[in-house]
Amino acid sequence: MELPPIDLAVFHENGYVRRQCRVTDLWFWTTDGERNTCGDTEEDEYTFIGSPIIAGFPERGRELKDRMREAFLGFLEGRGHTRIAPYPVLARWRDDIHLTIASIADFQPHVTSGAVEPPANPLAISQPCIRLTDVDAVGRSGRHLTTFEMMAHHVFNRPDEGKMYYWMEECVKYCHELLCDTFAIDAKEITYVENPWSGGGNAGAAVEVIVGGLELATLVFMNLEEREDGEFEIKGTRYGEMPLQIIDTGYGLERFCWAAAGTPTIYEAIYPDSVEWLKQQAGFSADKFGMKEEELASLLGEMSRLFGIMNIEVGSDGGRMRALFISRLAERGHEISEEMFNAITEPLSSIYAIPDHMHALSNMLGDGLVPSNAKAGYLARMMARRVLRMRDELGLKITLVDLVNHHLDVNHDPTDMKQTRDGLITILKGEEVRYGEMLRKGEQVVKTALKSIPQDATELPDETLFTINDSHGISPDLVIRIASEMGWQALSLRTGFSAEMAERHAAIAKAAAKSVEPVPLVGSIPELPASIPLYYEDVSQREFEASVLASLSLTGEDLPEGATHGIILDRTCFYPEGGGQEGDHGSLKSDSAAYSVLDTRKVGSLVIHLTNGGFEVGDMVHGELDWDRRRQLMDHHTAVHIVGGAARRLLGPHIYQAGANKSVDSARLDITHHRRLNRADLDEIEALANEVIQQVQRTEKITLDRKDADRKYGFDLYQGGAPKGNDIRILRIADHDIQACGGTHHDEPGRIGQIRIIRSNAVQDGVERLHIVAGAAAMSHARGQEDILRRAADSFQVPTEDVPAAAQRFFGEWKDQRKRIEALEAEIVRLRTSGGGDDSSEIDGVRIVIMEVDGDLKQMTNMLRELTLDASTPTLAVLGSRDGGGKLMVAATENSPASERYNAVDILRGISGHIGGGGGGRPTFAQGGGSNPDGLPDALAAAREIIGA
RNA sequence: GGGCGUUUAGCUCAGUUGGAAGAGUGCUUGGUUUGCAACCAAGAUGCCGGGGGUUCAAAUCCCCCAACGUCCA
Numbered sequence: 004m005e006l007p008p009i010d011l012a013v014f015h016e017n018g019y020v021r022r023q024c025r026v027t028d029l030w031f032w033t034t035d036g037e038r039n040t041c042g043d044t045e046e047d048e049y050t051f052i053g054s055p056i057i058a059g060f061p062e063r064g065r066e067l068k069d070r071m072r073e074a075f076l077g078f079l080e081g082r083g084h085t086r087i088a089p090y091p092v093l094a095r096w097r098d099d100i101h102l103t104i105a106s107i108a109d110f111q112p113h114v115t116s117g118a119v120e121p122p123a124n125p126l127a128i129s130q131p132c133i134r135l136t137d138v139d140a141v142g143r144s145g146r147h148l149t150t151f152e153m154m155a156h157h158v159f160n161r162p163d164e165g166k167m168y169y170w171m172e173e174c175v176k177y178c179h180e181l182l183c184d185t186f187a188i189d190a191k192e193i194t195y196v197e198n199p200w201s202g203g204g205n206a207g208a209a210v211e212v213i214v215g216g217l218e219l220a221t222l223v224f225m226n227l228e229e230r231e232d233g234e235f236e237i238k239g240t241r242y243g244e245m246p247l248q249i250i251d252t253g254y255g256l257e258r259f260c261w262a263a264a265g266t267p268t269i270y271e272a273i274y275p276d277s278v279e280w281l282k283q284q285a286g287f288s289a290d291k292f293g294m295k296e297e298e299l300a301s302l303l304g305e306m307s308r309l310f311g312i313m314n315i316e317v318g319s320d321g322g323r324m325r326a327l328f329i330s331r332l333a334e335r336g337h338e339i340s341e342e343m344f345n346a347i348t349e350p351l352s353s354i355y356a357i358p359d360h361m362h363a364l365s366n367m368l369g370d371g372l373v374p375s376n377a378k379a380g381y382l383a384r385m386m387a388r389r390v391l392r393m394r395d396e397l398g399l400k401i402t403l404v405d406l407v408n409h410h411l412d413v414n415h416d417p418t419d420m421k422q423t424r425d426g427l428i429t430i431l432k433g434e435e436v437r438y439g440e441m442l443r444k445g446e447q448v449v450k451t452a453l454k455s456i457p458q459d460a461t462e463l464p465d466e467t468l469f470t471i472n473d474s475h476g477i478s479p480d481l482v483i484r485i486a487s488e489m490g491w492q493a494l495s496l497r498t499g500f501s502a503e504m505a506e507r508h509a510a511i512a513k514a515a516a517k518s519v520e521p522v523p524l525v526g527s528i529p530e531l532p533a534s535i536p537l538y539y540e541d542v543s544q545r546e547f548e549a550s551v552l553a554s555l556s557l558t559g560e561d562l563p564e565g566a567t568h569g570i571i572l573d574r575t576c577f578y579p580e581g582g583g584q585e586g587d588h589g590s591l592k593s594d595s596a597a598y599s600v601l602d603t604r605k606v607g608s609l610v611i612h613l614t615n616g617g618f619e620v621g622d623m624v625h626g627e628l629d630w631d632r633r634r635q636l637m638d639h640h641t642a643v644h645i646v647g648g649a650a651r652r653l654l655g656p657h658i659y660q661a662g663a664n665k666s667v668d669s670a671r672l673d674i675t676h677h678r679r680l681n682r683a684d685l686d687e688i689e690a691l692a693n694e695v696i697q698q699v700q701r702t703e704k705i706t707l708d709r710k711d712a713d714r715k716y717g718f719d720l721y722q723g724g725a726p727k728g729n730d731i732r733i734l735r736i737a738d739h740d741i742q743a744c745g746g747t748h749h750d751e752p753g754r755i756g757q758i759r760i761i762r763s764n765a766v767q768d769g770v771e772r773l774h775i776v777a778g779a780a781a782m783s784h785a786r787g788q789e790d791i792l793r794r795a796a797d798s799f800q801v802p803t804e805d806v807p808a809a810a811q812r813f814f815g816e817w818k819d820q821r822k823r824i825e826a827l828e829a830e831i832v833r834l835r836t837s838g839g840g841d842d843s844s845e846i847d848g849v850r851i852v853i854m855e856v857d858g859d860l861k862q863m864t865n866m867l868r869e870l871t872l873d874a875s876t877p878t879l880a881v882l883g884s885r886d887g888g889g890k891l892m893v894a895a896t897e898n899s900p901a902s903e904r905y906n907a908v909d910i911l912r913g914i915s916g917h918i919g920g921g922g923g924g925r926p927t928f929a930q931g932g933g934s935n936p937d938g939l940p941d942a943l944a945a946a947r948e949i950i951g952a
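Convert by adding 3 to the 1-based position in the first sequence; the result is the number in our numbering.
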């Protein structure tokens with residue numbers, strides 16, 4: 004069945020009636036009994052432009068947002084909600100999304116699944132969000148933003164546990180009071196639309212709150228989960244009730260501001276100073292179009308209204324939609340030519356989009372993101388590039404740093420950012436340099452591509468445009484513009500090309516998304532209690548007694564050599580692979596059997612010991628760790644934390660762990676940073692890390708529930724990835740590094756002995772990988788290095804300290820000598836041929852040289868050059884060598900009787916059979932070889948015969 | 001996470017079907033002129049990113065590695 008109507012007392016008490024929309028068929032509540040559209044259709048225009056629908060908010064920009072937010076949160080605080088500080092826009096507690104796209108994302112997946120308590124209940128929040136899906140529409144539609152704040156009240160009800168805070172009735176009542184009392188909106192202007200929500204396996208009833216034609220809020224009542232036998236059906240999928248009942252609301256802060264300001268577009272409501280400033284910088288004024296200020300404002304308002312109802316998909320392709328838009332404008336009394344339309348909207352859309360993009364950028368970078376060519380960092384780079392491109396199109400003479408300084412001064416208080424203002428400026432400076440470099444290289448690429456294109460061509464090959472875009476970052480638009488500047492003025496871009504390119508990208512992405520299901524480690528695991536970990540209580544425990552709960556045969560693909568069985572014990576001090584730390588090795592012994600543990604892994608809550616033989620269920624076993632291995636892994640793991648902390652302290656707050664691995668030989672730590680590290684950086688980090696080992700007496704291991712962990716330490720805790728459960732194990736190395744970590748660590752950092760950072764390399768742009776050795780591994784690494792140096796010194800027969808100088812000298816001498824040898828070889832050839840001896844003869848003014856020489860093709864080439872380059876003595880030369888199976892070369896002096904009379908390729912073909920090979924080349928220069936060097940004299944004899952010498 | 005591209009002289013980059021490594025700029029020397037600059041002539045400078053393979057022959061084709069860049073999710 005479908006969801007029942009949302010029939011609430013709050014509607015009736017306030018004079019609302021339930022009607023069905025004749026456009027969308029959705030049911031909605033209104034005070035106007037005659038109304039037959041729900042408010043959010045192509046027939047419902049914005050009514051607030053020029054006449055604000057929210058009263059009492061005369062501010063604009065940041066002040067308006069601050070007051071609006073405060074009014075919202077204050078209202079809810081007065082009604083039993085706890086105010087929660089916003090989460091970062093980088094969703095680092097999640098592994099499925101990069102950015103926080105809604106306030107509910109803060110509480111997914113663990114709070115919404117019921118595994119973890121919410122930080123407060125009910126709660127109120129205003130969460131900055133970033134959504135890049137509509138990035139092309141920003142600045143064009145009048146209402147789209149990539150960055151916005153979602154104000155919300157959330158409730159997490161558990162009726163099965165007797166925790167029921169409130170549900171639909173109270174929720175809608177709060178909303179209605181807020182709109183009518185706090186914001187003084189006329190109840191007549193509000194419609195509540197029933198529109199069930201579903202997504203991600205959950206669903207529920209939902210109410211859209213439409214005011215003045217604009218959707219200001221959505222109230223979702225999520226109490227259903229996907230279930231085949233569920234009693235409700237929504238959009239073709241069946242759902243049943245779940246124990247959790249969650250209220251997820253979303254109030255668009257910026258939309259409230261717009262409705263309060265009544266400006267032509269949302270951008271003028273929230274970024275008024277930036278819009279003005281950019282207009283000035285770009286020389287954009289009503290004057291320029293022969294209009295008065297009011298005329299232009301009225302036109303823009305009309306356009307915004309039209310956008311509100313026309314639902315134009317930006318990017319779906321210009322021409323036709325634009326024509327329709329212009330004709331609709333004309334119907335509304337704004338006659339405007341297409342040229343004028345473009346002349347106004349093109350620059351204006353950039354002027355509107357830049358503040359929005361800068362806000363997204365300062366949010367992302369402010370949270371510590373480092374721009375990159377992959378993952379979340381790419382999103383930041385993309386935004387920076389968009390801004391730079393728009394800046395160039397507007398012809399602004401300002402830098403990205405100017406833009407960010409303006410933005411931080413006017414729109415975004417930098418004091419609540421994690422990144423420093425200087426850090427932000429450094430990063431953006433770097434981005435601007437990269438952008439300039441990309442353009443410069445791009446022009447070269449276009450230039451090269453144009454070589455094969457006739458100057459009167461009208462189109463470029465699709466393949467060329469795709470490649471230039473994907474490999475060099477120059478968009479098809481830009482290619483055409485560059486080409487036009489270079490003289491290919493007939494070129495244009497086929498309509499719909501951008502859409503085709505997007506489709507092509509989507510197809511590639513889709514093909515790549517087909518992932519392979521890994522083979523499970525063991526077939527089927529019986530229901531067993533969670534393995535009790537002994538490795539946390541006492542990290543130095545190496546032996547234990549346990550009983551065998553299961554002995555399973557292994558089925559996985561990635562197994563250590565000789566592993567046949569997976570043993571599950573009731574308890575263990577074997578640490579299973581996880582958090583980048585490799586699993587323990589060792590042995591298990593029962594009265595009747597003894598096997599090696601070749602690796603230890605975790606499946607769910609069970610620790611599986613990979614052994615080379617099986618036990619009986621119920622056997623008592625004695626387990627013993629390979630302690631040298633475990634100790635080395637602990638050295639490396641604790642060292643990685645210390646190095647990470649040292650890097651953060653030295654390089655800045657944006658240093659975040661992007662991955663780590665700890666094996667016996669060495670450890671790796673990937674950190675985010677905006678430039679390559681050099682040896683001096685590594686030395687500094689290394690020195691600080693070793694200082695920490697000496698100074699910090701003990702590490703602190705704490706277990707907190709997630710709510711308290713988040714509150715106490717923030718999200719930087721989750722550098723190693725988001726843990727699953729409610730209990731968070733935290734390793735604290737004084738104030739140097741605090742992280743959630745399930746690995747095994749030394750209680751005393753001093754036991755590590757020493758830490759060395761061997762080298763670093765770039766994993767991707769913006770991520771630097773540090774290679775670390777600690778403890779005994781540091782020692783054996785040093786020995787290995789010394790051994791290499793000693794062997795090099797032995798070869799050079801110099802003391803080790805002279806190796807660099809010796810290598811340099813030898814390399815230099817080798818180069819000099821190679822040159823001298825070439826010169827000498829040429830000299831020998833000259834001598835052997837100049838005297839008119841056996842090796843050379845003359846036929847009708849052409850010198851004939853036929854001789855056997857030593858050397859490879861390269862050396863023979865030099866000899867031939869010596870012989871045939873001088874035009875005053877026309878020469879035909881045939882050289883043979885026994886090198887590598889026999890080589891033959893034939894050359895004739897170009898543009899001389901020699902080349903007119905003889906064809907080098909023909910001669911070569913005629914003689915190469917004697918050495919059992921072939922060859923080819925140009926008529927004046929041919930080379931070949933074979934496999935029978937003993938045939939060389941015959942080949943040369945044959946040459947004499949053919950030439951007649 | 002996936003796709004693509006680049007790596008050649010100090011610098012910026014060409015290099016076609018595998019067959020004698022190039023241009024511009026800079027450098028050195030000489031000349032002319034001299035306030036700087038400009039001009040003319042000659043010359044030097046290359047592990048064609050590293051390793052392996054195919055081939056008589058590889059800057060060029062194939063594989064691996066590295067650095068750099070770029071697009072998409």
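We treat Cβ as the ideally placed atom computed from N, Cα and C, and that holds for glycine. This one's a predicted model, so the numbers in the text were calculated from it and none came from an experiment.
In this structure, E855 lies near L943, with their beta-carbon atoms less than 8 Å apart. By the neighbour-count definition (other C-beta atoms within 10 Å, threshold 16), M420 is a buried residue. No Cβ-Cβ contact shorter than 8 Å links D99 with H157. In this structure, A683 keeps its C-beta atom at 8 Å or more from the C-beta atom of L672. Considering only G476, G746, L882, Y242, the residue with the shortest C-alpha distance to R384 is G476. Ranking E296, I213, T567 by CA distance to the CA of E48 puts I213 first. Exclusion of the five residues before and after T221 leaves W200, A209, V210, E211, V212, T252, G253 as the residues of its chain whose Cβ lies within less than 8 Å of its Cβ. Note that the C-beta distance between R735 and T702 is below 8 Å. In this structure, DSSP gives Y19 a state outside helix and strand, which the three-state scheme calls coil. In the three-state DSSP reduction, A661 falls in the strand class (E or B). Bounds of the beta strand (DSSP E) holding Q248 are 240-255. Relative to the Cα of F151, the nearest Cα in the group V196, D412, G204, F259 belongs to F259. Residues of the same chain with a CB within less than 7 Å of the CB of S843, apart from the 5 flanking positions on each side, are T836, R850, I851, V852 in chain order. The continuous beta strand (DSSP E) containing L572 extends over residues 568-572. Straight-line measurement puts the Cα of H639 at about 18 Å from the Cα of G724.
By the Cβ rule, the region 685-694 counts as touching the region 645-658, because three or more pairs are nearer than 8 Å. With the rule of 3 Cβ pairs closer than 8 Å, the region 559-570 counts as touching the region 610-617. S556 and V606 have their C-alpha atoms some 14 Å from each other. By the Cβ test, the region 530-539 is in contact with the region 575-582, since at least three Cβ pairs between them sit closer than 8 Å. Rounded to the nearest angstrom, the gap between the Cα atoms of S595 and M623 is 10 Å. Non-local C-beta neighbours of T40 in its own chain, meaning closer than 6 Å and more than five positions away in sequence, comprise C24, V26, E46, D47, ordered along the chain.
Beta-bridge annotation (DSSP): C132 is paired with F151. The DSSP-derived three-state label of Q742 is strand. Excluding its 5 nearest sequence neighbours in each direction, M637 has C-beta neighbours in its own chain below 7 Å: V542, T747, H748, H749, listed in chain order.
The straight-line gap separating the alpha-carbon atoms of L524 and R230 is approximately 29 Å. Non-local C-beta neighbours of G938 in its own chain, meaning closer than 6 Å and more than five positions away in sequence, comprise H917, I918, ordered along the chain. As DSSP reads the structure, S201 sits in a beta bridge with A206. Going by DSSP, V776 is part of the beta strand (DSSP E) stretching over 770-777. Contact between T194 and G64 is absent: CB atoms are separated by about 29 Å, not below the 8 Å threshold.
Per DSSP, reduced to three states, the secondary structure at E627 is strand.
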